[in-house]
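First up is the structure itself, then whatever we jot down about it.
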Amino acid sequence: IYGFLTMLYKIKCEENPDAVAVAFDLRTPTFRHKAYSGYKATRKGMPEEL
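Residue 7 in the working numbering is what sits at position 2 of the sequence shown, and the numbering runs on without skipping anything.
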């Protein structure tokens, strides 16, 4: 979280945007998984401690 917020703050200071939007993926399957069964198939899962 620290790295993400540091990066976001740096962008805010350097670019001075009027607005900022952030989006995150859902943990549940999405339409991409239904359209392509191999979507993210080779990615390792998220560690439990995170």
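We put the CB at the ideal spot given by N, CA and C, even for glycine.
What would DSSP say about residue i, mapped onto helix, strand or coil?
i   : result
E53 : coil
G43 : coil
F29 : coil
T35 : coil
I16 : helix
Among the options, which has the Cα closest to the Cα of residue i?
i   : options       : result
N21 : Y41, L13, V27 : L13
A28 : F9, G50, A40  : F9
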